[in-house]
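K.L.:
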Amino acid sequence: MRLRGKKHTIEVLEKQTDLVILEPAKWKGRWHELFGNDRPIHIELGMGKGQFISRMSGNNPEINYLGMDMYDELLRKGSEKARRVWKEKGSDEVPNLFLVRGNVELLGEMFEDGELERIYLNFSDPWPKSKHAKRRLTHPRFLEKYKRALNEKGEIHFKTDSLSLFEFSLNSFSDSLLQMRSISLDLHRDELREDLVLTEYEAKFVGQGKPIYRLEAVIGSEAIRQHRERVASELKASSARAAARQEAGLSADADDDDQA
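Once you know that position 46 of the sequence shown is 46 in full-length UniProt numbering, the rest is easy, because the numbers rise by one and skip nothing.
#1: Give the range of the alpha helix (DSSP H) segment to which I53 is assigned.
#2: Helix or strand or just coil, what does DSSP make of residue 280?
#3: At a Cβ threshold of 9 Å, is L45 touching chain D?
#4: State whether the segment 207-216 contacts the segment 185-199, with contact taken as three or more CB pairs (one from each stretch) at a distance under 8 Å.
#5: Three-state secondary structure (DSSP) at G114?
#6: Pop quiz: E73 and K15 are said to be a contact at Cβ under 8 Å. What is the actual Cβ separation, rounded to whole angstroms?
#7: Could you have a look at I212 and say whether DSSP puts it in helix, strand or coil?
#8: Taking 8 Å as the threshold, find out whether the segment 84-101 comes into contact with the segment 56-66 through three or more Cβ pairs.
#9: Which whole-angstrom value is the C-beta distance of F111 and K28, which I expect to be below 8 Å?
#10: Applying the 10 Å Cβ sphere with the 16-neighbour rule, what's the burial state of N103?
#11: Out of curiosity, what's the CA-to-CA distance linking R245 and P61?
#12: Taking the runs of the beta strand (DSSP E) that are 3 residues or longer, which of them lie wholly in the segment 70-105?
#13: Excluding the 5 residues flanking P40 on each side, which residues of the same chain have their C-beta closer than 6 Å to its C-beta?
#14: Judging by CA-CA distance, which residue of L22, R135 and H227 is the nearest neighbour of S172?
#15: Does the contact criterion of 3 or more C-beta pairs under 8 Å hold for the segment 138-156 versus the segment 117-129?
#16: Quick one: what does DSSP say V20 is sitting in, helix, strand or coil?
#17: Would you report the Cα separation of M180 and H227, rounded to the nearest angstrom?
#18: Tell me which same chain residues have a C-beta within less than 6 Å of the C-beta of D186, skipping the five on either side of it?
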């Protein structure tokens, strides 16, 4: 998404050293130092006007957030949104969010291996022409960059309104041997998922009745272990419930036989 830039945008950004990072490569390997703590770091790649990442930072103060985009005007819009979100909470500061000017192509120049814990890909450009497939942010070449940047708890959360991009992404994640979960072909079909922060695009599409496609990819070894434990626990609980129902049914049959 590209906006017509306002005059003096770069000057406005340069003054916001408490929120805006224009040269992220300088912080490679030192992002926790920038935040001043060792909390998990979550990043949205292609943050647009910043509604999602700003709301996430306000909702989850125990997590460090980064919103990344290539365009100065979107960084300016995002900074305004972030300050409004935290102003609503009674704070003049944005304590757990930085907005980063950067290109996903250069992710390895901005982050050390394992420096991130979660990556959000929200309504990325679908690049519908086949010849542009390598530009899609869920192409295997990008997934390899993400895998290196993510730590042992690493995950990717992906949302789109494009069915063709979602189909491409399912194959891409599968070809990259990534464990997927929480796959949805219509995220808000039954009711609006208020537990999930909506982006500007998402709110618009949901209002138009369009389906939203979503999945989570589990990357890190610890994340995979926890996921498998959770699945095994759910299967065990389901089996126990089925056994209990069967036993209850047999008991009822036995009571009927006794009465006969």
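Glycine included, each C-beta is placed from N, C-alpha and C at the ideal position.
Note that the coordinates shown come from a computational prediction; the quantities given were computed from them, not determined experimentally.
P.N.:
Per the coordinate set shown:
#1: Position 53 of the sequence shown, counted from the start, is the residue given in the question as residue 53. Segment Q51 to N59, the alpha helix (DSSP H) holding I53.
#2: One cannot answer for residue 280 here, as it falls past the ends of the chain, which runs 1 to 260.
#3: Protein chain content of the structure displayed is limited to a single chain, and chain D is not contained in it.
#4: yes
#5: Within the sequence shown, the letter at position 114 stands for residue 114. G114: coil per DSSP, three-state reduction.
#6: As a first step, residue 73 is located in the sequence shown; it is residue number 73 there, counting from the start. As a first step, residue 15 is located in the sequence shown; it is residue number 15 there, counting from the start. About 16 Å separates the two Cβ atoms, so there is no contact after all.
#7: Position 212 of the sequence shown, counted from the start, is the residue given in the question as residue 212. Residue state, collapsed to three classes: coil.
#8: yes
#9: Residue 111 sits at position 111 when you count from the first residue of the sequence shown. Residue 28 sits at position 28 when you count from the first residue of the sequence shown. Confirmed, Cβ separation roughly 6 Å.
#10: For this step, residue 103 is matched to residue 103 along the sequence shown. With fewer than 16 Cβ atoms within 10 Å of its Cβ, N103 is classed as exposed.
#11: Taking the first residue of the sequence shown as 1, we reach residue 245 at position 245. Taking the first residue of the sequence shown as 1, we reach residue 61 at position 61. The straight-line gap from Cα to Cα measures roughly 44 Å.
#12: 97-101
#13: Walking along the sequence shown from the start, residue 40 turns up at place 40. Within the same chain, P40 has close Cβ partners I63 and E117.
#14: Along the sequence shown, one-based indexing puts residue 172 at 172. Looking at the Cα atoms, R135 is the closest of the given residues.
#15: yes
#16: The count along the sequence shown starts at 1 and reaches residue 20 at position 20. Strand, per DSSP.
#17: Locating residue 180 in the sequence shown gives position 180, counting from the first residue. Locating residue 227 in the sequence shown gives position 227, counting from the first residue. Cα to Cα, the separation comes out at about 10 Å.
#18: If you number the sequence shown from 1, residue 186 lands on position 186. Closer than 6 Å at the Cβ level, and outside the excluded window around D186, lie P211.
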